[in-house]
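What follows is a single structure, written as structure tokens, with notes after it.
2 protein chains.
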Amino acid sequence: MTETATTERPRIRDAEATQKRILAAARKEFAKSGLGGARVDTIAQRAKANKRMIYHYFKSKEQLFTRVLEDAYADIRTAERKLHLDELDPETAITTLVRFTWRYYQANPEFLTLVNSENLHRARHLKGSARMHELSRPFVGMVADILERGVAAGVFRPGIDAVQLNITIAAIGYYYLTNRFTGAIVYERDLMTKEALDARLAFNIETILRLLRA
Amino acid sequence: MTETATTERPRIRDAEATQKRILAAARKEFAKSGLGGARVDTIAQRAKANKRMIYHYFKSKEQLFTRVLEDAYADIRTAERKLHLDELDPETAITTLVRFTWRYYQANPEFLTLVNSENLHRARHLKGSARMHELSRPFVGMVADILERGVAAGVFRPGIDAVQLNITIAAIGYYYLTNRFTGAIVYERDLMTKEALDARLAFNIETILRLLRA
DNA sequence: GGCAATGCACGTACCGGTTAGTTAAGTCTG
DNA sequence: CAGACTTAACTAACCGGTACGTGCATTGCC
């Protein structure tokens, strides 16, 4: 990203700033209504931009959606890198990852609905995105490393697939949060109180550690 | 349901049959495109019914969606009841439930996308549905029973919340399947081969048993 | 001055929902 | 039990609103 000098006078015409506003508004709108339900006019309004700008910079609603998705994945992967899991002992690293994933999903609920939307469309917007592979590979490799280190240290049992583990860590947080509305009905319980959220995190950490421990 | 006598000549005008065709077509269309992306005209066409019939029987697109959702939950709960988990020993019962859930989601992928769609809309269609509570309560109670029996028999550790367990069993299957498209990109692996699916089921059973065992 | 950034206003297609009317199937009556 | 009557199932055509996308004019910035 370019630096945001504090002394910079606000330009009336600022391509970059406009694009950012459009992307932020689009993320909100797509997250709220899905691809089919999202309205380009609403995005333009919320971005304080003219609809013409959206088509100028992003060509189509679908290409805008693609860009929003890629950015969303880039954001979470960037945040994960900042955890420096490779510097932690295996058990702490995994616990940190479970806790981080949980908190990230809570702080960024749009990520969850965006991913859901993209999967409804069979990931056709991200299919073939080189950027996605660049983002994912280091992350998956990192978790595989933690596992290996854990096995070598004798704290984790051998033979666990890093991909299965990754999916499971995501699943137990993701499902609870995206399906919290139907969940509240099925289980007749408020799943979003502080106590409920804390209990779920503890449960998830327990689930993963029991899965891994030798 | 009324009996379907084999000798019955197909009536030209058959309210019940038409409603069923509409519901089946609607489930498909809503599952494929979400509430916002679904087209009432498409549903009418696929149901071989006039669009007017949809409004006659279901009042609105949203009420049709509500009905489709309720029916989907009724279907899975009915299938679960047929497992007679109360007649199995605790460990077998849980394993059976994990396996059933996994297979049901695979055989009925529309259920997953419908639930996702409803959660995108914060469950406003199912909120206050008495039918949903009637369906859910026995199911949740059943799993709680299995847990209790397992603790009494000394095979499960005490203190596990039945709701957390239920959510986790659903999560580890559900997430893998709904997010299989972005998953294939992130993990650069086909998640839907027979081998991959078998491996996931085994992993999920292991995850749950390790979570429960004393 | 030249070009990128922006705004206006419109086209065209579509979409949820409705109006007005038709026809099949039961049902009442003599 | 035949034929008039009633009701419910069904259809075609349409409407008002809205959605994505664009042509073209304008304006700020280097």
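Residue numbers (the numbering used here), protein chains in the order written: chain A, 990 to 1203; chain B, 990 to 1203.
In this text, a Cβ means the ideal position worked out from N, Cα and C, and glycines have one as well.
For His1114(A), no alpha helix (DSSP H) encloses it, and the DSSP letter there is neither H nor E. Interface with chain B (9 Å Cβ-Cβ cutoff): Leu1186(A) is excluded. Counting of Cβ neighbours within 10 angstroms places Thr1090(A) among the buried residues, the total reaching 16 or more. Contact annotation: in the region 1157-1175 of chain A, residues whose CB is within less than 9 Å of a CB in chain B are Thr1157, Ala1159, Ala1160, Ile1161, Gly1162, Tyr1163, Tyr1164, Tyr1165, Thr1167, Asn1168, Arg1169, Phe1170, Thr1171, Gly1172, Ala1173, Ile1174, Val1175.
Per the C-alpha coordinates, the member of Leu1186(A), Ile1135(A), Tyr1163(A), His1110(A) positioned closest to Asp1075(A) is Ile1135(A). If you check each beta-carbon in the region 1083-1111 of chain B against every beta-carbon of chain A, the ones closer than 7 Å belong to Thr1102, Val1104, Asn1105, Glu1107, Asn1108, Leu1109, Arg1111.
Residue state for Arg1146(A) is assigned as coil, using DSSP reduced to three classes. Each residue's CA atom was taken as its position, placing Asn1039(B) and Gly1117(B) some 30 Å apart. No Cβ-Cβ contact shorter than 9 Å links Ala1020(B) with Ala1036(B). Per DSSP, reduced to three states, the secondary structure at Arg1178(B) is coil, with no helix or strand assignment.
DSSP places Arg1202(A) in the strand class (E or B) of the three-state scheme. Residue state for Asn1097(B) is assigned as coil, using DSSP reduced to three classes. Taking a contact as a CB-CB distance under 8 Å, the pair Pro1098(B) and Leu1180(B) does not count as one, their CB atoms being some 13 Å apart. The C-beta of Lys1183(A) comes no closer than 9 Å to any C-beta of chain B.
Residues of chain B whose Cβ lies closer than 9 Å to the Cβ of Glu1177(A) are, in chain order, His1122, Ser1125, Arg1126, Val1129. Below 8 Å, enough C-beta pairs join the region 1109-1116 of chain B and the region 1052-1069 of chain B to call them touching: three or more. Of the other Cβ atoms in all chains shown, fewer than 16 fall within 10 Å of the Cβ of Gly1130(A); this residue is therefore exposed.
Look at Gln1153(A): its C-beta is under 9 Å from a C-beta on chain B. The Cβ atoms of Tyr1094(B) and Ala1068(B) lie no closer than 9 Å to each other. Leu1024(A) places its beta carbon 9 Å or farther from that of Phe1047(A).
Here His1073(A) carries a coil assignment [DSSP, helix/strand/coil].
Using a Cβ-Cβ cut-off of 7 Å, Ser1022(B) is close to Gly1025 of chain A, given in chain order. Taking a 10 Å sphere around the C-beta of Gly1172(A), we find 16 or more other C-beta atoms and assign the residue as buried.
Note on Thr1182(B): under 16 other CB atoms within 10 angstroms of its CB, so exposed under the neighbour-count rule. A residue is called buried once 16 or more other Cβ atoms fall within 10 Å of its Cβ, and Ala1142(A), having fewer, is exposed. The C-beta of Leu1115(A) comes closer than 9 Å to at least one C-beta of chain B. By the Cβ neighbour-count rule, Pro1127(A) is exposed, with fewer than 16 other Cβ atoms within 10 Å of its own.
For the 9 Å CB-CB criterion, Val1132(A) and Leu1201(A) do not form a contact.
Contact between Asn1108(B) and Asn1168(A) holds: their C-beta atoms lie close to 5 Å from each other, under 8 Å. With a cutoff of 9 Å on beta-carbon distance, Ile1032(A) and Ala1006(A) are scored as not near each other. DSSP, read as helix, strand or coil, puts Lys1037(A) in coil. DSSP, read as helix, strand or coil, puts Arg1189(B) in helix.
Put simply, the CB of Leu1200(B) is near chain A, with a gap under 9 Å to one of its CB atoms.
DSSP places Ser1049(A) in no alpha helix (DSSP H); its state is neither H nor E.
Check the Cα spacing between Asp1187(A) and each of Val1087(A), Ile1149(A), Arg1010(A): the tightest is with Val1087(A).
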